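The structure appears below as structure tokens.
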Amino acid sequence: MKILVCISHVPDTTSKINFTDNNTRFDANGVQFIIGPYDDYALARAVELKETSGATVTVLNVGPADTEPTLRKALAIGADDAVRINAEPTDSFFVARQIAEHAKAVGYDLILMGRESIDYNGGAVHGIVGELLGIPSVSPVMKLDIEGNKAKLAREIEGGKEYLEVNLPFVAGCQEPIAEWKIPNMRGIMSARTKPLKVVEPVSVDSGIKLKQFELPPPKGAVKMIPADNVQELVSLLKNEAKVL
Amino acid sequence: MKILVFVECADGNVKKNSLEAVAFAHTMGGPVTALALGSAAQVELEALGKYGATKVLHAADARLNQGIIQAYASVIAKAFQDEGSDVLVLADSSLGTPVAARVAARVDASLASNVVELPNMSAGFVVKRSIYTGKAFARVELTKPKKVIGIKKNAAEVKEVGSNCPVTPYPVTLADADFATAITSSEKATGEVLLPEANIVVSGGRGMKGPEHWGMLEELAKTLHAATGCSKPVSDMGWRPHHEHVGQTGVKVAPQLYIAVGISGAIQHLAGVNSSKCIVVINKDPEAPFFKAADYGIVGDAFDILPKLNDAIKAAR
Ligand SMILES: Cc1cc2nc3c(=O)[nH]c(=O)nc-3n(C[C@H](O)[C@H](O)[C@H](O)COP(=O)(O)OP(=O)(O)OC[C@H]3O[C@@H](n4cnc5c(N)ncnc54)[C@H](O)[C@@H]3O)c2cc1C
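If you read the sequences in order, they're chains A and B.
Per numbering that gives the first Met the number 0: the first sequence = residues 0 to 244.
Per numbering that gives the first Met the number 0: the second sequence = residues 0 to 316.
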């Protein structure tokens with residue numbers, strides 16, 4: 000079984016978000032980049048499948064050269080080889096087109112990724128890839144087992160979950176608790192250095208999306224503290240001041 | 000500009016966030032066609048007219064009673080073409096967002112999800128979308144003639160603007176390939192307020208000490224007609240089901256009121272609640288970071304404060 004795991008290269012979840020150039024560019028100054036947390040779950044599940052059923056795992060990122068350490072980390076976690084599509088990942092459609100082109104050329108049995116990236120939060124790449132390849136897409140997937148040519152999945156819905164069956168190949172947008180995040184060990188880090196990382200040039204795509212400007216939310220006002228022995232005051236503030244009761 | 004709205008139903012009822020989608024489309028202007036799939040109560044569909052739909056289509060085929068992403072995308076894309084629509088509007092959800100992606104690819108539309116307010120159409124078609132999990136916004140122009148927009152909760156105000164609208168059956172020819180994914184069973188909390196749609200959320204963290212203490216939070220939630228939520232460790236430890244996990248890697252909520260009890264306020268948790276209108280934090284540690292993100296705070300023991308707060312709210316109503 001050939002598994003493709005698509006990962007995003009995103010600011011660490013604790014990052015402060017700032018913009019430069021008149022609010023048209025993300026300010027990467029001092030920001031640590033990580034594998035997207037949802038993608039990290041997808042990767043962990045793929046590596047588990049590799050361990051239990053002898054799958055091969057290719058990890059893919061659409062990004063410029065500075066995302067390579069993130070791909071190497073994925074190799075250290077257990078992917079066999081990596082592909083970097085050499086382009087700025089500007090929006091969901093652009094990224095999905097690049098993934099679909101690669102997947103069409105290689106042919107995978109299973110394409111996993113996070114349910115969304117934590118920078119753009121589009122939640123759309125899995126669906127578009129599925130559509131472009133003409134195969135099913137399921138998201139957000141919280142459980143995934145493969146039995147022969149069939150997969151059994153659980154998908155989270157508002158207030159619960161549903162169980163599904165689908166034949167390979169398909170695309171899944173993953174989230175916890177599909178697997179536990181894996182931390183690379185020393186052996187993984189050593190072997191990652193020599194695993195193949197291929198750089199592919201992008202296809203040209205018109206996504207129909209043009210960034211105008213970034214914006215930060217207005218700063219939060221100061222908190223009003225209420226003594227613990229006076230919950231009545233809190234209730235009256237919620238009612239009369241905040242008007243939320 | 001002709002607008003199609005995908006109206007999501009749960010147990011035959013129109014979801015609240017879909018009413019917002021209809022209201023959003025109405026405020027954008029232009030005739031609004033609402034489309035519901037699978038079983039849906041006739042009265043609820045007719046009432047869509049009150050919120051701005053000028054036409055209501057119902058694809059009642061029983062195979063659509065379950066929300067299969069691919070099948071829904073096919074029917075919606077077909078209706079989009081049949082109606083000669085320019086824009087598809089829907090509420091982002093576990094079903095809506097992936098469906099929007101497939102439809103956009105199929106009809107060759109510009110796609111934006113997490114849209115927080117009406118588009119600016121004075122120069123081009125510019126939407127404001129939430130990015131970095133609520134930490135920032137991006138204004139993006141949708142340049143293709145066709146557009147698909149997923150909206151976040153509170154992007155539009157639901158108001159009565161018209162009267163009931165007759166429902167037109169929308170017959171569909173379904174392809175077996177669209178049902179390659181089969182839903183075999185489902186588990187769903189019934190009778191509870193759904194977390195992503197709730198106006199008030201009462202949420203507990205590790206400070207609640209164990210699942211046996213959730214009764215107190217549930218009491219308060221009941222008094223407030225609120226949904227219950229929790230922090231990630233709480234769902235990781237199995238104290239609460241995963242669909243209640245709020246934050247960066249869980250549900251993003253946008254209620255009028257978010258009450259956080261025994262949650263420290265890690266940045267990943269805050270990412271899921273920063274769209275709340277008002278935040279109340281109850282924590283025994285005065286240094287808990289959550290207070291910096293709160294509107295009102297009480298330093299104290301949750302087990303002491305929760306019952307008192309519940310009583311005070313009951314008394315005030
Ligand atoms: C990539 C990544 C993603 C993450 N995503 C999420 C996410 O989506 N959601 C999320 O919640 N977390 C997430 N986390 C985890 C996050 O960093 C925190 O660890 C977590 O939010 C802490 O949960 P907590 O506040 O319940 O527990 P703690 O941090 O242990 O806080 C417990 C709080 O309870 C208070 N307390 C204790 N006893 C009482 C009492 N009797 N009365 C009142 N207060 C009391 C304490 O003072 C403390 O502030 C993520 C972490 C990472 C690395």
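The beta-carbon is built from N, C-alpha and C at its ideal position, and this holds for glycine as well.
A quick note: this is a predicted structure, and the numbers were derived from the prediction, not measured.
Chain B residues whose Cβ lies nearer than 8 Å to that of residue i
i	result
A:N21	Simply none; closest approach about 13 Å.
A:I225	Y295, G296 and I297
A:T13	I266 and Q267
A:E155	S93, H241 and H242
Where the alpha helix (DSSP H) containing residue i begins and where it ends
i	result
B:N16	K15 to M27
B:L117	Careful: B:L117 lies outside any alpha helix (DSSP H) and carries neither H nor E.
A:T283	Since the first residue of chain A shown is 0 and the last is 244, residue 283 of chain A is not available in this structure.
Cα-Cα separation, residue i to residue j
i	j	result
A:W180	A:E161	23 Å
B:A58	B:V4	13 Å
B:K283	B:K307	15 Å
B:F302	B:M215	8 Å
A:L196	A:R96	20 Å
B:V126	B:K208	43 Å
B:S17	B:V88	9 Å
A:G172	B:A52	33 Å
B:T167	B:E19	21 Å
B:V74	A:V94	25 Å
B:S263	A:N184	30 Å
B:L110	A:T89	13 Å
A:L48	B:D310	52 Å
A:A153	A:V61	28 Å
A:A54	A:S116	25 Å
B:E186	B:G66	14 Å
A:I84	A:I177	27 Å
B:A155	A:A81	43 Å
B:C164	B:A35	13 Å
B:V279	B:T132	20 Å
B:K49	B:E159	5 Å
B:P285	B:V298	6 Å
B:L305	A:P226	14 Å
A:V30	A:G147	43 Å
A:A104	A:P168	14 Å
B:A292	B:K151	21 Å
Check: residue i C-beta below 8 Å from any heavy atom of ligand 1
i	result
A:F32	no
B:N282	yes
B:P232	yes
A:D118	no
B:I266	yes
B:P240	no
B:S275	no
B:S93	no
B:S263	yes
B:F124	no
B:V200	no
A:T12	yes
B:G237	no
A:R24	no
B:R101	no
B:R205	yes
A:K72	no
A:F18	no
B:V260	yes
Neighbouring residues, chain B, relative to residue i (Cβ below 7 Å)
i	result
A:T66	Going along chain B, no residue has its Cβ under 7 Å from A:T66, so there is no contact; the nearest lies around 17 Å.
A:I145	What A:I145 touches in chain B: nothing, since even the nearest Cβ is about 15 Å away.
Amino acids of chain A, ordered along the chain, whose beta-carbon sits closer than 8 Å to that of residue i
i	result
B:I2	Near B:I2 there are no residues of chain A at all, since even the closest Cβ is about 17 Å away, more than 8 Å.
B:K307	V230
B:S184	E161 and Y162
Residue range of the beta strand (DSSP E) that includes residue i
i	result
A:N60	T55 to V61
B:T32	V31 to L36
A:D80	D80 to I84
B:Y295	Y295 to V298
B:V125	V125 to I130
Cross-chain neighbours of residue i in chain B, by beta carbon under 9 Å
i	result
A:N120	S112, N113, R128, S129, I130, Y131, T132, G133 and K251
A:V165	A179, T180 and A181
A:V4	The contacting residues do not exist; A:V4 stays about 17 Å from chain B at best.
A:Y37	T248
A:K211	G123, V125, A137, R138, V139 and E140
Chain-ordered neighbours of residue i on chain A, where CB pairs are closer than 9 Å
i	result
B:E191	G158
B:P97	R114, G122, A123, H125, G126, G129, S136, V137, S138, P139 and G172
Counterpart residues of residue i in DSSP-defined beta bridges
i	result
A:D144	A:K151
Under 7 Å from the C-beta of residue i: neighbouring residues of chain A
i	result
B:A24	None at all; the shortest Cβ gap to chain A is about 20 Å.
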